[in-house]
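UniProt numbering puts the first residue of the sequence shown at 1, with every later residue one more than the last.
From the three backbone atoms N, C-alpha and C, an ideal C-beta is built for every residue, glycine too.
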Amino acid sequence: MTLSFDIPRTTSGSPPEKRITWRLGRLKSPKIFKQYIKEFETITQNILKSHTITIATSLRDHQTATTYIEQFNRQLCQAIYHSLDTSCGRQLQPVEPLKDFWTEDMQKAYEHRERYYRKWRKAQGLNKLKYWLKHQEARAALRRLIQKRRKENWEHFCQQLASNQYAKAIAKISRIRKRRTISPTFSTMKGHKHSADTMARHLENVYSSEATQEMQRSEISSDSLPFELACPITLSDILSAIRSLPSNKAPGVDHVKNEMLLPIQHLLAPILLALFQLCWKWSYVPESWRVAQVVPIHKKGTPTDPGNFRPISLTSIFRKILERCLQNDVQLYSPPIDIAQGGFRECRGSLDQALCLAEICQILRTHHKIKPTLIFLDIKSAYDTVDRNLIWQSLQPTTPPPLLALLQHLFDYVYLEVLLNNETSYRFSPRTGVLQGSILSPLLYSIYINDLPKRLRLKQPSEDTSPVELAPLINYLLYADDVVLISERAQMPKLLKICEDYSFSLGFHWNPSKCVVLSDMNDDLSYELYGQTLLKQHSFLYLGVPFKPGGYLNPQELIEHNVCKAFAMINVLTSVGVNPNGFDRLLSTRFYAQIVRARLEYGLAINRLTASQIKVLEDAQNDCLRRIYGASKRASTKVMRHLSRLPTMKERLNILQAQFLFRSFTLPEDALLTKLMPHIQNDRHQQWYKLSKSSLWKIIPPPVEELSLKVFKAIKKQFLQQSLDYQKQHADKIARNSMPQHAQPATNA
Numbered sequence: 001m002t003l004s005f006d007i008p009r010t011t012s013g014s015p016p017e018k019r020i021t022w023r024l025g026r027l028k029s030p031k032i033f034k035q036y037i038k039e040f041e042t043i044t045q046n047i048l049k050s051h052t053i054t055i056a057t058s059l060r061d062h063q064t065a066t067t068y069i070e071q072f073n074r075q076l077c078q079a080i081y082h083s084l085d086t087s088c089g090r091q092l093q094p095v096e097p098l099k100d101f102w103t104e105d106m107q108k109a110y111e112h113r114e115r116y117y118r119k120w121r122k123a124q125g126l127n128k129l130k131y132w133l134k135h136q137e138a139r140a141a142l143r144r145l146i147q148k149r150r151k152e153n154w155e156h157f158c159q160q161l162a163s164n165q166y167a168k169a170i171a172k173i174s175r176i177r178k179r180r181t182i183s184p185t186f187s188t189m190k191g192h193k194h195s196a197d198t199m200a201r202h203l204e205n206v207y208s209s210e211a212t213q214e215m216q217r218s219e220i221s222s223d224s225l226p227f228e229l230a231c232p233i234t235l236s237d238i239l240s241a242i243r244s245l246p247s248n249k250a251p252g253v254d255h256v257k258n259e260m261l262l263p264i265q266h267l268l269a270p271i272l273l274a275l276f277q278l279c280w281k282w283s284y285v286p287e288s289w290r291v292a293q294v295v296p297i298h299k300k301g302t303p304t305d306p307g308n309f310r311p312i313s314l315t316s317i318f319r320k321i322l323e324r325c326l327q328n329d330v331q332l333y334s335p336p337i338d339i340a341q342g343g344f345r346e347c348r349g350s351l352d353q354a355l356c357l358a359e360i361c362q363i364l365r366t367h368h369k370i371k372p373t374l375i376f377l378d379i380k381s382a383y384d385t386v387d388r389n390l391i392w393q394s395l396q397p398t399t400p401p402p403l404l405a406l407l408q409h410l411f412d413y414v415y416l417e418v419l420l421n422n423e424t425s426y427r428f429s430p431r432t433g434v435l436q437g438s439i440l441s442p443l444l445y446s447i448y449i450n451d452l453p454k455r456l457r458l459k460q461p462s463e464d465t466s467p468v469e470l471a472p473l474i475n476y477l478l479y480a481d482d483v484v485l486i487s488e489r490a491q492m493p494k495l496l497k498i499c500e501d502y503s504f505s506l507g508f509h510w511n512p513s514k515c516v517v518l519s520d521m522n523d524d525l526s527y528e529l530y531g532q533t534l535l536k537q538h539s540f541l542y543l544g545v546p547f548k549p550g551g552y553l554n555p556q557e558l559i560e561h562n563v564c565k566a567f568a569m570i571n572v573l574t575s576v577g578v579n580p581n582g583f584d585r586l587l588s589t590r591f592y593a594q595i596v597r598a599r600l601e602y603g604l605a606i607n608r609l610t611a612s613q614i615k616v617l618e619d620a621q622n623d624c625l626r627r628i629y630g631a632s633k634r635a636s637t638k639v640m641r642h643l644s645r646l647p648t649m650k651e652r653l654n655i656l657q658a659q660f661l662f663r664s665f666t667l668p669e670d671a672l673l674t675k676l677m678p679h680i681q682n683d684r685h686q687q688w689y690k691l692s693k694s695s696l697w698k699i700i701p702p703p704v705e706e707l708s709l710k711v712f713k714a715i716k717k718q719f720l721q722q723s724l725d726y727q728k729q730h731a732d733k734i735a736r737n738s739m740p741q742h743a744q745p746a747t748n749a
């Protein structure tokens, strides 16, 4: 028996890929790129002509229109498929991973080793020793060839990474890092198909909440169709949507990815515009746009429990383009989102919301003599239990009928199937929920839960409410589905009861086992939700920022948390190649600055640190740099930082805080932080005021509101230069003081 590396690929327990894939990498060739465009143009040149004739003569009723829309979509997909088949060709099977590694010399050395091994097995007497020695020599020769080939491949990979664009290099490293992360997959003992169906049954139960059993799908009267209101989508909207959508994402059931659309975007946009106008007019989209393949992503807990997986929906790229085109109109016509909601809103970030929480608590302590109790609430399956009819009722008074009807069709007539290990489950239609992965879902969820803050307030704030008067009215903060209650102890049970009743009225449930009370441990008052006592803690991570009882920021715990995350990440990157024997050191340093240092820096922009806390960050950065350069534990990192142009962590702290403060002047007028600004930038007890005492912010000339971004960057550069000059002067002073008196340079009198 002989072995060969050319044997057929063995089949695994998983079924073959059900997706159609193409060799899209060939589109990098200008010849194939042009061929793809030309082929698509040839196929589709008559689509718009025939569409114009059909619109004028055939579409008289809803049934005919829906049939035509489905046919139109199929023609478009087939045109893309055929163009790709002709130009790129299909990827029939995965590429053999050792194909490029294994060389002809290695194959000969392998066969040479096997030949001597067979002779040794058959030899007798002294010949057995002879062939054994030759077998060992052949084995060593093959090992040397493999090691040499591995070294050559590694050096080529490092050179390619260093010479390539940095964005591509960082993307490559991220992919390698993700492949090394083991993510559990849901499975049962009865195979992949049974696993997919089991997960589908679980999701079908989740999407059929008991509180919304009587919910009916919205029906669109055919008497109102077709709508006469003009479709607001334009060619520029479609082109902008195609360019803005990310690449390298999994496709929906139609197998189409954004990489396929980018080369033909100018040819495709008029066709999509005609199709979108039909969808708008008849409130109908093709079925393939309404089929979502759900991929379960493990959160935490045992992987045998389907409840420990987050259902992420893979939808058609054409649906994503349509949603992106409709997004601005939905925002325009939706009811005003409450000021307490900071998630998925323009120019609002998690650190803005965390600072708002700290500032509100400080105002309550200073001006109202209230030490607030904080309760962080968790919504069970937040996106999956949404009663969509409540969203449509909220949108109905202000939204044009064609837009509302199209949204209802996009979300009420959805079909889900679980995709697990290349097996798909049966399809089902969810009674509740919005798709996780849909562009419009975050906005629709914000509309769904928008009334809760108003129910909790004693009175609604007005436009002229001062920040000090506003703080006690904001007793509830939302960041998407992250919820925190802010109140004095006596009022908290009442607020919890309102939250409990509100969940019953909307059809969702809080998760008491994951809700946390942040109060002093000597506080003997207990809090209940659905009759279950809530857990108490002395610290809690809200949006990644630690808080202490009373609503104080906890910088010490933040630093400990960030340093642990940074060291865990540098350990992963070291195994990938960010080490002295791996990538180019300057490239490795850029990887550190992009990936590792970002974990060290999170939350620093809103925290004031002591000198000892800054030293912990400096030591962490120095340890990472020493590992990259292969230096000893006591080696200075000044030269390393100078070569890679890395500032110290103290300088970074000043820059981050100044950037955050400068950005706070550019927030929308209806942002909560903007409403608090008149007070927090002038009161010495407030966190914003304390941040404004940083070294960089002090040298920024007033008025800051009129400062341009260009001038701000120039001031930041000036600050770094001043810091460097100071370090040089300090080093020179130390050097002079360490010299003997007679050797010191003379100074002029």
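From Ile-498, Ser-236, Lys-300, pick the residue whose C-alpha is nearest to that of Leu-272; which is it?
Position 272 of the sequence shown, counting from 1, holds the residue named residue 272. Leu-272 has its Cα closest to that of Ser-236, out of Ile-498, Ser-236, Lys-300.
Note down, one range per segment and in chain order, each alpha helix (DSSP H) of at least 4 residues found wholly within the segment 581 to 610.
Fully enclosed alpha helix (DSSP H) runs of 4 or longer: 585 to 591, 597 to 601.
Given a cut-off of 8 Å, decide if Gly-342 and Leu-672 are closer than it, judged by their beta-carbon atoms.
Taking the sequence shown and counting its residues from 1, one reaches residue 672 at position 672. Taking the sequence shown and counting its residues from 1, one reaches residue 342 at position 342. The answer is yes: Cβ separation under 8 Å.
Is it true that the CB of His-192 sits closer than 8 Å to the CB of Glu-423?
On the sequence shown, position 423 is the one that residue 423 refers to. On the sequence shown, position 192 is the one that residue 192 refers to. Yes, they are a contact pair.
Under 8 Å Cβ to Cβ from Ile-439, same chain only, skipping five residues before and after it: list those, please.
If you number the sequence shown from 1, residue 439 lands on position 439. So the qualifying residues of the chain are Lys-320, Glu-323, Arg-324, Gln-327.
If we count the other Cβ atoms within 10 Å of its Cβ and call it buried at 16 or more, is His-730 buried or exposed?
Indexing the sequence shown from 1 puts residue 730 at position 730. His-730 is exposed by the Cβ-count criterion.
So, does the CB of Leu-496 fall closer than 8 Å to a CB anywhere in chain B?
Among the chains of the structure shown, chain B does not appear; only one protein chain is present.
Mind checking whether Ala-241 and Asp-584 have CB atoms under 8 Å apart?
Stepping through the sequence shown from its first residue, residue 241 is reached at position 241. Stepping through the sequence shown from its first residue, residue 584 is reached at position 584. Cβ atoms of Ala-241 and Asp-584: not closer than 8 Å.
Looking at the structure shown, is Thr-52 part of a helix, part of a strand, or coil, going by DSSP?
Position 52 of the sequence shown, counted from the start, is the residue given in the question as residue 52. Here Thr-52 sits in helix by DSSP.
Tell me, please, whether the segment 376 to 393 touches the segment 263 to 283 by the rule of three or more beta-carbon pairs shorter than 8 Å.
Segments in contact, no.
Identified DSSP bridge partners for Leu-478
Here residue 478 refers to the residue found at position 478 when the sequence shown is read from its first residue. Beta-bridge pairing links Leu-478 to Gln-341, Val-483.
Does the beta-carbon of residue 750 have 16 or more other beta-carbons within 10 angstroms, so that it is buried, or is it exposed?
The chain is shown only over 1 to 749; residue 750 falls outside these bounds and no answer can be derived.
Note the first and the last residue of the continuous alpha helix (DSSP H) segment covering Tyr-116.
As a position in the sequence shown, residue 116 is number 116, starting the count at 1. Taken as a continuous stretch (DSSP letters only), the alpha helix (DSSP H) holding Tyr-116 covers 104 to 122.
Residues in the same chain with beta-carbon distance under 8 Å from Val-256, minus the five sequence neighbours each way, listed in chain order, please.
To locate residue 256, count along the sequence shown from 1; it is residue 256. Cβ neighbours of Val-256 beyond the five flanking positions: Cys-77, Ile-80, Ser-316, Ile-317, Phe-318.
In or out: Pro-546 buried (at least 16 other Cβ within 10 Å) or exposed?
As a first step, residue 546 must be located in the sequence shown, where it is residue number 546. So Pro-546 counts as buried.
State the CB to CB distance for the pair Arg-457 and Thr-373, rounded to an integer number of angstroms; the pair is presumed to be in contact (CB under 8 Å).
Here the question's residue 457 lines up with position 457 in the sequence shown. Here the question's residue 373 lines up with position 373 in the sequence shown. Actually they are not in contact, since the Cβ atoms of Arg-457 and Thr-373 sit about 17 Å apart, beyond 8 Å.
I need the straight-line Cα distance from His-409 to Pro-442, nearest angstrom please.
Counted from its first residue, the sequence shown places residue 409 at position 409. Counted from its first residue, the sequence shown places residue 442 at position 442. When rounded, the distance between both Cα atoms is 17 Å.
First through last residue of the alpha helix (DSSP H) which encompasses Ile-570:
Here the question's residue 570 lines up with position 570 in the sequence shown. Here the alpha helix (DSSP H) through Ile-570 covers 555 to 576.
Per DSSP, which one or two residues make a beta bridge with Val-294?
Indexing the sequence shown from 1 puts residue 294 at position 294. Note: Val-294 sits in a beta bridge opposite Ser-313, Val-418.
For Pro-546, the first and last residue of its enclosing alpha helix (DSSP H)
As a working mapping, residue 546 is identified with position 546 in the sequence shown. Careful: Pro-546 lies outside any alpha helix (DSSP H), inside the beta strand (DSSP E) at 545 to 548.
Does the segment 600 to 611 come within contact of the segment 351 to 361, defined as at least 3 CB pairs closer than 8 Å?
Counting C-beta pairs closer than 8 Å gives three or more between the segment 600 to 611 and the segment 351 to 361, which meets the contact rule.
Reduced DSSP secondary structure (H/G/I, E/B, other) of residue 754
Given that the chain is displayed from residue 1 to residue 749, the structure contains no residue 754 and the question cannot be resolved.
Closest by C-alpha distance to Thr-64, when choosing among Ile-614, Gln-613, Pro-226, Tyr-448
Numbered from 1 along the sequence shown, position 64 holds the residue referred to as residue 64. Checked all of Ile-614, Gln-613, Pro-226, Tyr-448; the closest Cα to Thr-64 is Pro-226.
Am I right that Leu-357 and Phe-40 are in contact with their C-beta atoms under 8 Å? What's the rounded C-beta distance?
Your numbering for residue 357 matches position 357 in the sequence shown. Your numbering for residue 40 matches position 40 in the sequence shown. Actually they are not in contact, since the Cβ atoms of Leu-357 and Phe-40 sit about 52 Å apart, beyond 8 Å.
Ignore the nearest five residues each way along the sequence and tell me which others in Gly-544's own chain have a CB closer than 7 Å to its CB.
Here residue 544 refers to the residue found at position 544 when the sequence shown is read from its first residue. Closer than 7 Å at Cβ, skipping near neighbours: Ser-350, Tyr-602, Gly-603.
Rounded separation between His-156 and Glu-359 - CA only
Residue mapping note: residue 156 aligns to position 156 of the sequence shown, counting from 1. Residue mapping note: residue 359 aligns to position 359 of the sequence shown, counting from 1. Cα to Cα, His-156 sits roughly 53 Å from Glu-359.
Helix, strand or coil: how does DSSP classify Ile-271 here?
Residue mapping note: residue 271 aligns to position 271 of the sequence shown, counting from 1. Helix, per DSSP.
Same chain, Cβ closer than 8 Å to Glu-500, neighbours up to 5 away in sequence not counted
In the sequence shown, the residue the question calls residue 500 occupies position 500. Contacts found: Trp-510, Leu-529, Tyr-530.
Identity of the residue in Asn-607, Thr-666, Thr-533, Ser-381 nearest Asn-205 by Cα
Translated into positions along the sequence shown, residue 205 becomes position 205. Among Asn-607, Thr-666, Thr-533, Ser-381, the Cα nearest to that of Asn-205 is on Ser-381.
Residues in the same chain with beta-carbon distance under 7 Å from Gln-213, minus the five sequence neighbours each way, listed in chain order, please.
Within the sequence shown, numbered from 1, the residue matching residue 213 stands at position 213. Reliability of the predicted coordinates at Gln-213 is poor, the pLDDT of 47 falling under 50, and no value is obtained from them.
By a C-beta neighbour count over all protein chains shown, 10 Å radius and 16 as the cutoff for buried, is Val-577 buried or exposed?
Taking the first residue of the sequence shown as 1, we reach residue 577 at position 577. Per the sequence shown, the amino acid found at residue 577 is Gly instead of Val. Answer is buried; the Cβ neighbour count reaches 16.
For Pro-306 and Asp-197, what's the separation of their Cα atoms in angstroms?
Locating residue 306 in the sequence shown gives position 306, counting from the first residue. Locating residue 197 in the sequence shown gives position 197, counting from the first residue. Cα to Cα, the separation comes out at about 11 Å.
Rounded C-alpha distance that separates Ala-141 from Lys-514
By 1-based counting over the sequence shown, the position of residue 141 is 141. By 1-based counting over the sequence shown, the position of residue 514 is 514. Distance between the alpha carbons of Ala-141 and Lys-514 is about 60 Å.
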